[in-house]
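Protein chains: 2
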Amino acid sequence: MIRHDHGLGWVRPVRLSMPSLSDNSADMDRLLRALSGTGPCPVATFSLYQKVSRLLRQWDFAARCVLFQEGEQLQLLDILDPQGTEKALGVAVDLGTTRIVMRLVDLECREILAETVMDNPQIGLGSDILTRIHHASTDSGAEELKRLVGQAVDDGLETLCLQAGLPIEGIYVVTVSGNTAMTHLFMGLPAEHIIREPYIPVTNTPGTRRVNRFLQNTHPEGRIYFFPNIGSYFGGDLISGILYSGIHRLNETSLLVDVGTNAEVVLGNRDWLVGCAGAAGPALEGGVSSMGMTAGAGVIDRVSITGEDFTVTTIDQLPPVGICGSGFIDLAAVLFLTGMIDAKGKLVEPACGSRYIQEHGLPALVVVAAESSGTGSAITVSQASLDSLVRSKAAMYTILETIVMKVGVGFGDLEKIYVAGTFGAYIDPESAISIGMIPDLARDRYEKIGNSSLEGATLMLYGDRYMKEADAIRDRITYVELNVDQDFMIRFSGAKFIPHTDPDLFPTVRKK
Amino acid sequence: MIRHDHGLGWVRPVRLSMPSLSDNSADMDRLLRALSGTGPCPVATFSLYQKVSRLLRQWDFAARCVLFQEGEQLQLLDILDPQGTEKALGVAVDLGTTRIVMRLVDLECREILAETVMDNPQIGLGSDILTRIHHASTDSGAEELKRLVGQAVDDGLETLCLQAGLPIEGIYVVTVSGNTAMTHLFMGLPAEHIIREPYIPVTNTPGTRRVNRFLQNTHPEGRIYFFPNIGSYFGGDLISGILYSGIHRLNETSLLVDVGTNAEVVLGNRDWLVGCAGAAGPALEGGVSSMGMTAGAGVIDRVSITGEDFTVTTIDQLPPVGICGSGFIDLAAVLFLTGMIDAKGKLVEPACGSRYIQEHGLPALVVVAAESSGTGSAITVSQASLDSLVRSKAAMYTILETIVMKVGVGFGDLEKIYVAGTFGAYIDPESAISIGMIPDLARDRYEKIGNSSLEGATLMLYGDRYMKEADAIRDRITYVELNVDQDFMIRFSGAKFIPHTDPDLFPTVRKK
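In structure tokens form, the structure reads like this:
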């Protein structure tokens, strides 16, 4: 059989020969034979057997077949009217600890029909995974966590289908990329051993399951695919992100940085992949995620300077109400380049002028005066926030430096640095380089790839071969433990200067 | 992987390495890896994921694994306490139109634990398949037929497990061999096109399904396997019978005759198989099944003669109440050899003596006098029954003659004739040859193989490789249409003499 490229779920029209005394195969056998060509025979879901004879006769022995590729086995999930307009739908889910992002696609023409995003309702039972897993070990806790997230995804499916004006029963395939713990909580699997030494999940390869075990209103024969994970530390969302970035297919070595709730870094090429995940121990507590507030209407996401005035842009162009991570990094770059903060990130009173104030007895800086603010009060950043930002940027840089050193390459050897994640999507590399958060490389080496977890899950819907690719990534990637040892702490201390104690590392910043 | 010979369902003990920081695979991955060796990874049923972590820790990372081989894919259905005595059970079902025979086996040690037989309760809605299929096309008819036979098999499972003193939930695998129509009615599939030109079933290859779609109390993750069938004429019971007989593996050509409700005949060797099934049209109405009553307590199953007295044996050694097929054939042989019937099967009054009577104005013969009978009346056979027997034996012989002629071999070329089926199991070849029902070959060429459909279904439980073998039989066998044309009728007329118009065909009978 010539293997055509097709999605995990796909639609294929067939026209069958008519049954006769000399060609009297059974109806289902005739259909499956037409679908297999000379290759292995597909398997049909049992509920189809009950209607296949009636429908084939009604449709003059033609049909549009909804297929699902499960490993080597092709599954026939449904048959649709060859003249009809029913769509076969797929949904990609980025199952985040904080947010759930979902995308509806048409499996037949590979068109994105709708997207939706929502908070993970498990947050109510604990904003971090640890608290949730503790909650899951109580009597009804696991069930409650499963119900909450399942209900949220079910609601998301409804939202998507309402937007697209299509029935939920038309959803045949759902792909889910999430971290190990979220995947366990969604599947309703015991997660308690994930957080206890030696940190053993129930499964690293949940694979393909019947979707109606987890979700309510999709097609009853629909399938759900979970990206594999590695131990308790690399989630399916990272595997999905690598898949989308394509670094595992390139000859040249590249780096993928996914900055969301945690920072995850993967370095490699077609021959090898190494990665580290999460904040590196208590020294870096808060990690890179403590920078600014969550993006939302009126939040400052860009800061630049014209003369002595800051120019800020806000989300939805509303009067400013606060500042988010990308805006904060821009601001810090501006403050450093204008001398309003020094190399240690401390506010320099003379340079700040009237912007320098005392807040709760500590130094702070006015970003937007009260009269221009959307809150009625001035928008300020405190010295404490700046200190925290400096620690976070130092953590980020140290993680990147450490992983690159571990495999014996230099930043200059990197062909590309892919920046992914909700946070990464908004960050301005120029500003991030200015404060020494990321290495000072030619700007075109940086490429933002957005929500790579969602994009990888979408890719999976479009190409069944990606299932093997995801498994191959999982099998190939080596986990690098970021020991917070003396060497690490020395590098971390060096990175706590802006841009760095070694300014030669940031030539373009020195020039400015 | 060295592929070990194992059953469709089987049990394998494993002992796992203990998880540690340096070997932190997930629990299920650890288990599946141990089961796969270097081969492809088995797939575990989802419900196992919920308990695997708890049970592995409880059992010190050892378990007895219940496995099911589905095509190339190994399925892990359950894990059992490595120290426990729980058994993994399998059930073979011969799903006959008239009777259902079931056998319980231990999948681990391949021991038969119990057997049971019951009438097919669908008989109440029609003794023949045609009537049942007509009933199935009424509104609730199909559902009713499915419920009746499903309930009967469920009852059978209960009986088997009661006999063996084991729980029904221990049944992990059920294999079913039945004809095309019975398989459809059991599965609840529309059967109406099976009986209408061009006679198209819903499926010829139902394959493996989850047993809880059809049966109530087996293990929830259990599997059910249905033997494939060919068109509407060759059922899975015949494929199962061929599998058990082994004629498809032999160099020499052999014949398999399965005489149950219908006669089915298969001729062939390792290179080719041809077969014909059922009675051959209206000329043979009643086929070979109209001979005598169904076997049961007090029914005469053997007849011989000592001097002028018949010696009869009855089932359960009770006073005689009637005569069944095998007894009737014995009787006819005795009557012919003693001259009490002539070559046309007509009663010869002088030879019969006082046994000759008139019943309802027609000649009849007293087999057992009223005083020795269990009914209080004499047990008789009428001339009409004898005429019917002659037609039946002629049909049988003509079918065998025709199929052998079609492929250009002679009876003498046959290495073996395997006689199967409930009827075939009791027939005495000596008597059957005497009346010219089966060819006059050396008696050791005949081999009775009992309920080959049940035996084939049992074999399937014991060896997953038989699944491929059953498919290969299905693909290889050629259906020979027994046209009731002039040639056939000429041969049929010749066979209506006892033993035959051409006595040279029956040299040993002539000698007697």
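Protein sequences appear in the order of chains A and B.
In this text, residue positions in the first sequence follow the working numbering: the first is 15, and each later residue adds one.
In this text, residue positions in the second sequence follow the working numbering: the first is 15, and each later residue adds one.
By construction, the Cβ of each residue, glycine as well, lies at the ideal position given by its N, Cα and C atoms.
Asked, Found
"Test item: CB-CB of A:Pro220 and A:Thr197 under 8 Å", "yes"
"Residue closest to B:Glu385, alpha-carbon to alpha-carbon, out of B:Gly435, B:Lys420 and B:Pro334", "B:Pro334"
"Neighbour flag for B:Gln230 against chain A, beta carbons, 8 Å", "no"
"Proximal residues of chain A, C-beta to C-beta of B:Met42 below 7 Å", "Val216 and Thr217"
"For B:Arg223, the nearest candidate out of B:Pro242, B:Pro212, B:Asp169 and B:Ala205 (CA to CA)", "B:Pro242"
"Cβ-Cβ separation, B:Leu475 to B:Val115 (assumed contact under 8 Å), whole Å", "Actually they do not touch by this definition, with Cβ atoms about 14 Å apart."
"Reference B:Val167; option with closest CA among B:Ala205, B:Ile238, B:Gly155 and B:Glu84", "B:Ile238"
"Limits of the unbroken alpha helix (DSSP H) element including A:Met201", "Thr194 to Met201"
"Contacts that B:Tyr63 makes with chain A (C-beta to C-beta distance below 8 Å)", "Met201, Leu203, Val216, Thr217 and Pro220"
"Cross-chain neighbours of B:Pro33 in chain A, by beta carbon under 8 Å", "Pro212 and Ile214"
"Coarse secondary structure for B:Tyr63, derived from DSSP in three states", "helix"
"Near-chain A residues of the region 104-121 of chain B (beta-carbon distance less than 9 Å), N- to C-terminal order", "none"
"Rounded separation between A:Arg524 and A:Met503 - CA only", "25 Å"
"Residue-chain proximity (B:His233, chain A), Cβ-Cβ < 8 Å", "no"
"Through-space distance from B:Gly359 to B:Leu376, alpha-carbon basis", "14 Å"
"Separation of A:Phe425 from A:Leu287, as counted between CA atoms", "16 Å"
"Chain B within 8 Å of A:Asn283, Cβ atoms only", "no"
"Cut-off 8 Å between Cβ atoms - residues of its own chain near A:Gly353, not counting five sequence neighbours on either side", "Val362 and Ala365"
"CB contact check: A:Leu22 to chain B, cutoff 8 Å", "no"
"A:Val28 vs A:Ala76 beta-carbon contact at 8 Å", "yes"
"Nearest residue (CA-CA) to B:Lys101, options B:Glu157, B:Trp24 and B:Asn134", "B:Trp24"
"Alpha carbon of A:Gly249 to alpha carbon of A:Leu45, nearest angstrom", "39 Å"
"4-residue-minimum alpha helix (DSSP H) runs that sit fully inside the region 21-63 of chain A, ordered along the chain", "41-50"
"Residues in the region 66-97 of chain B having any Cβ partner in chain A nearer than 9 Å", "Val66, Ser67, Arg68, Arg71, Gly85, Glu86 and Gln87"
"Cut-off 8 Å between Cβ atoms - residues of its own chain near A:His149, not counting five sequence neighbours on either side", "Leu139, Gly140, Gly155, Glu158 and Leu159"
"Proximity to B:Asp1 [Cα-Cα], best of B:Leu180, B:His262 and B:Leu252", "The shown model of chain B, from 15 to 526, leaves out residue 1 of chain B, and the question about it has no answer."
"Under 7 Å by beta carbon: chain B residues contacting A:Gly245", "Asn38"
"Beta carbon proximity, A:His207 to chain B, threshold 8 Å", "yes"
"Selected residue, minimal CA-CA separation from A:Leu519, among A:Ala456, A:Gly477 and A:Gln331", "A:Ala456"
"Host alpha helix (DSSP H) of B:Ile147 (start-end)", "Ile143 to Ala150"
"8 Å Cβ cutoff, B:Arg161 in contact with chain A", "no"
"Alpha helix (DSSP H) segments (min. 4 residues) lying fully within the region 382-455 of chain B", "397-420, 435-438 and 443-448"
"For A:Gly529, the nearest candidate out of A:Gly282, A:Thr189, A:Glu266 and A:His262 (CA to CA)", "This structure leaves residue 529 of chain A out entirely; chain A is present only between 15 and 526."
"Run of the alpha helix (DSSP H) containing B:Ser340, from where it starts to where it stops", "Gly339 to Leu351"
"Distance between beta carbons of B:Leu379 and B:Val395, contact taken as under 8 Å", "5 Å"
"Where the alpha helix (DSSP H) containing B:Met474 begins and where it ends", "Ser466 to Tyr476"
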